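Residue numbers (UniProt numbering): 1 to 594.
Even glycine gets a Cβ: it sits at the ideal position worked out from N, Cα and C.
Keep in mind that this is a model prediction, so the values were computed, not measured.
Report on the structure given below.
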Amino acid sequence: MVGWRDSNGDLIARQLSSKPRPYDAGGDGGKGLSHLCLERLAYVPVLPEVLRGKHEVVEGESRGCVGGHEVICGLFPRLSSPHGGHAPLRLVHVAPCSAPGEEQPQQQRALRLGVVLSGGQAPGGHNVIIGLHDYLQRWHPGSTLVGFLGGPAGVMNNRYKVLTADELDGYRNQGGFHLIGSGRDAISKPDQLAAAEKTCLELDLDGIVVIGGDDSNTNSNTMAEHFLKQGLKTNVIGVPKTIDGDLKNADVKSSFGFDTACKVFSEMIGNIMIDAMSAKKYYHFIRLMGRAASHVTLECALQTHPQLALICEEVAAHRWGLKDVVRQVADMVAQRAELGKNFGVVLIPEGLVEFMHDVSELITELNELMAQGVNAHDQPEIVARLTPESADLFQNLTPGIRSELLEERDPHGNVQVSHIQTEKLLITLVSRELMRRKAAGTYRGKFAALAHFFGYEGRCSLPSNFDATYCNALGQAAGALVASGRTGLMATVGNLAAPANKWTIGGTPLLSMMHLERRAGRDRPVIKKALVDLHGAAFTSYTSMRAIWAIQDWCRSPGPIQFKGPSADLATITLALEVNEGQPCLLQYPQDEE
């Protein structure tokens, strides 16, 4: 039997064939589901109590933009204040109906909604779609949910498929985005907005739910404003998705996928640390996902206790340059060599190059030059137009890194830092520094290093119990917001320190998350990325132990994600430190729902 709860909390069960199938058929009729995947279909995410009975959406506290409030509100006048002026932006909360005994006809109207996956994959995305679908079927029978194919391009090109219960049942609690696919196209320019508008009109959509990160939801905000201006009935709601963990704020405590990805990466790091202690001859430089923030690296450090974890935000705060970072790593290696230890693990966020002040200034100058149309292949011309300091740094980088810094920018104007092999650059420069020290007689150890990049490995895992439950709640929250006629909001799930049935549901204005940021030579309103708080509990917990971890081999190997047992319902250490005073965050299923 495969069981789950609908949005009323009622247990539904459907029969899957229990007849054993040969392994060459996959045990699922050839659809590619392993026995574990089949078992995950039966996992039942707990639904927050507020969504089980009749509910309504009510206004709550006010919010201002993170920065540039007046300017940003002036650019989005319809979202900032439907009644004119730049009034405070307001949160909304889903609450039990004030008169629960009365029928509410508006909650029974069939709706037509679209859903799109935007940006990189994150574990749990399918559960967001399924939660949205379940909400519609419970509260708006006869509704239609269409999934746009291949990300935002599917919206602009009107490529979609109708999502049915029978198809969705096979994706419950599964990893990946392969149900409808994703993409990194932006919907922000006039022609792109016009194409999206045409699609919404042709499909007669009451709303569209955008599942994406900060850039994707910045575009959601632009689309919501455009639809209001054009008089469309299509409401736009965002859902916070990114394994990087940098889409969070006072109302969004975690983006989905972060929990699962960190657990996947931590398992692999733990394995490598055990190997390093066994072989005793290699340093492993491991680059991890995290273009703009070091949340993944910090969480994995708390999980595994490496010899060193470089935190981008600390590098920026101290204005360390490339030489400073190299010196710090070399100091750790030399210190361990004095103890006879020529092995260890160094964790590196993929965005590190943008946080070292000299490299950051170089990238800024390169961005400006490329925005002016300078040929990225004409390196002599580029060097001639850089400041002397940046030109010197650029010429002293390895040829591979120089080429990677000049690659075509992504659709949002960002350097594609995932293509920059920072771990190899650091290995080369640390090796040079240690050779210099050896020649000076201050270092007598051996240094052999291996490079790793853990990225795609963590994006499509079967979601952890936390992400499966959190994503289902986010999908249902998005359904409630669209159904209430709200637009330009991000669906939120709060009170995460409590058991899942006590989680709160609401929405936060996308505008309130925005500030002005320099991109492609212009100041643009974008959702501000949440960086690691250097005064926060997670970072201070790491700094209190890193000197010991640098010299002692206190390896912690978390092992693979658990779906059952005492650790299955644990959320990340970061979340426990940030919202629960360091006590574990547990889903804590009530006994009558297990």
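Per-residue burial, residue i [other beta carbons within 10 Å of its own, 16 or more giving buried]
| i | result |
| --- | --- |
| Glu404 | buried |
| His140 | buried |
| Met435 | exposed |
| Ile548 | exposed |
| Ala122 | buried |
| His305 | buried |
| Glu197 | buried |
| Gly582 | exposed |
| Ala153 | buried |
| Gln307 | buried |
| Trp554 | exposed |
| Gly487 | Checking the sequence shown, residue 487 turns out to be Thr, not Gly. Buried, by the Cβ-count rule. |
| His587 | Here the sequence assigns Leu to residue 587, which means His is not the residue at that position. Buried, by the Cβ-count rule. |
| Val146 | buried |
| Gln192 | buried |
| Glu225 | buried |
| Thr572 | buried |
Host alpha helix (DSSP H) of residue i (start-end)
| i | result |
| --- | --- |
| residue 636 | Outside the displayed range of the chain (1 to 594) lies residue 636, so it cannot be described from this structure. |
| Gly60 | Where Gly60 is concerned, there is no enclosing alpha helix (DSSP H), although the beta strand (DSSP E) it sits in stretches over 55-63. |
| Thr218 | 214-230 |
| Lys438 | 422-440 |
| Glu581 | Counting along the chain, Glu581 falls outside any alpha helix (DSSP H), and DSSP gives it neither H nor E. |
| Tyr135 | 125-139 |
Backbone CA spacing between residue i and residue j [nearest angstrom]
| i | j | result |
| --- | --- | --- |
| Leu79 | Ile130 | 28 Å |
| Lys280 | Met490 | 48 Å |
| Arg459 | Leu203 | 31 Å |
| Met513 | Ala440 | 52 Å |
| Glu354 | Leu38 | 42 Å |
| Gly183 | Ala334 | 45 Å |
| residue 596 | Asp358 | Since the displayed the chain opens at 1 and closes at 594, residue 596 lies outside it and no answer follows. |
| Cys97 | Thr364 | 52 Å |
| Ala110 | Leu481 | 15 Å |
| Pro22 | Ser34 | Annotation note: pLDDT 44 at Pro22 (below 50); position unreliable, coordinate value reported separately. In a straight line, the C-alpha of Pro22 is about 12 Å away from that of Ser34. |
| Glu407 | Thr398 | 15 Å |
| Ser188 | Leu462 | 32 Å |
| Gly151 | Asn235 | 18 Å |
| Ala448 | Arg546 | 22 Å |
| Leu91 | Leu474 | 16 Å |
| Glu433 | Ile427 | 10 Å |
| Ala276 | Ile420 | 25 Å |
| Asp24 | Leu36 | Bear in mind that a pLDDT of 43 at Asp24, under 50, signals an unreliable position, so the model cannot answer this. |
| Thr144 | Arg112 | 5 Å |
| Gln137 | Leu163 | 12 Å |
| Leu516 | Val526 | 6 Å |
| Gln476 | Gly238 | 12 Å |
| Glu59 | Ala371 | 42 Å |
Contacting residues, own chain, Cβ-Cβ under 7 Å from residue i (five flanking each side not counted)
| i | result |
| --- | --- |
| Gly290 | Asp244, Val296, Thr297, Pro349, Glu350, Gly351 |
| Cys300 | Cys262, Phe265, Ser266, Ile269, Leu288, Leu347 |
| Gly257 | Ala122, Pro123, Gly124, Lys241, Thr242, Ile243, Asp467 |
| Leu534 | Glu313, Glu314, Ala317 |
Any non-hydrogen atom of the ligand FAD within 7 Å of residue i CB
| i | result |
| --- | --- |
| Val44 | By its list of ligands, the structure shown contains no ligand whatsoever, and the ligand FAD lies outside what it can speak to. |
Proximity to residue i [Cα-Cα], best of the options
| i | options | result |
| --- | --- | --- |
| Gly207 | Arg184, Gly479, Lys528 | Gly479 |
| Asp117 | Glu56, Val162, Val209, Thr164 | In the sequence under discussion, the amino acid at residue 117 is Leu, which differs from the Asp named in the question. Among Glu56, Val162, Val209, Thr164, the Cα nearest to that of Leu117 is on Val209. |
| residue 646 | Arg52, Leu393, Glu314 | Nothing about residue 646 can be reported from this structure: the residues present for the chain run from 1 to 594 only. |
| Tyr456 | Gly119, Val71, Gly114 | Gly119 |
| Gly181 | Leu111, Arg159, Asp169 | Arg159 |
| Ala530 | Ala224, Phe177, Lys253, Asp166 | Lys253 |
| Leu510 | Leu406, Val579, Leu247, Arg385 | Leu247 |
| Phe99 | His55, Val115, Gly74, Lys564 | With the sequence shown as reference, residue 99 is identified as Ala, and Phe is not the correct amino acid for it. Nearest of His55, Val115, Gly74, Lys564 to Ala99, Cα basis: His55. |
| Glu70 | Glu59, Ala42, Val58, Leu89 | Leu89 |
| Asn249 | Gln588, Val579, Val115 | Val579 |
| Gly114 | Leu149, Leu425, Gln416 | Leu149 |
| Pro566 | Gly445, Ala371, Asn465 | Asn465 |
| Asn127 | Gly142, Leu163, Asn173 | Asn173 |
| Ala568 | Cys585, Leu577, Arg556, Thr574 | Cys585 |
| Leu570 | Ala550, Glu49, Thr260 | Thr260 |
Same chain, Cβ closer than 6 Å to residue i, neighbours up to 5 away in sequence not counted
| i | result |
| --- | --- |
| Gly85 | Bear in mind that a pLDDT of 49 at Gly85, under 50, signals an unreliable position, so the model cannot answer this. |
| Glu368 | Gly521 |
| Thr199 | Val155, Asn158 |
| Asp251 | Thr492, Thr508 |
Extent of the continuous beta strand (DSSP E) run through residue i
| i | result |
| --- | --- |
| Arg556 | Neither: Arg556 is in no beta strand (DSSP E) and is coded neither H nor E. |
| Leu462 | Unbroken run through Leu462: none, as it is neither H nor E. |
| His284 | 283-288 |
Contacts around residue i, its chain only, beta-carbon distance under 8 Å, and the 5 residues preceding and following it disregarded
| i | result |
| --- | --- |
| Pro558 | Lys263, Ser266, Glu267, Gly270, Gln303, Thr304 |
| Thr389 | The question names Thr, but residue 389 in the sequence shown is Glu. If we look at Glu389 and ignore the five residues flanking it on each side, its Cβ neighbours are Asp358, Glu361. |
| Lys438 | Arg444 |
| Val374 | Glu381, Ile382, Arg385 |
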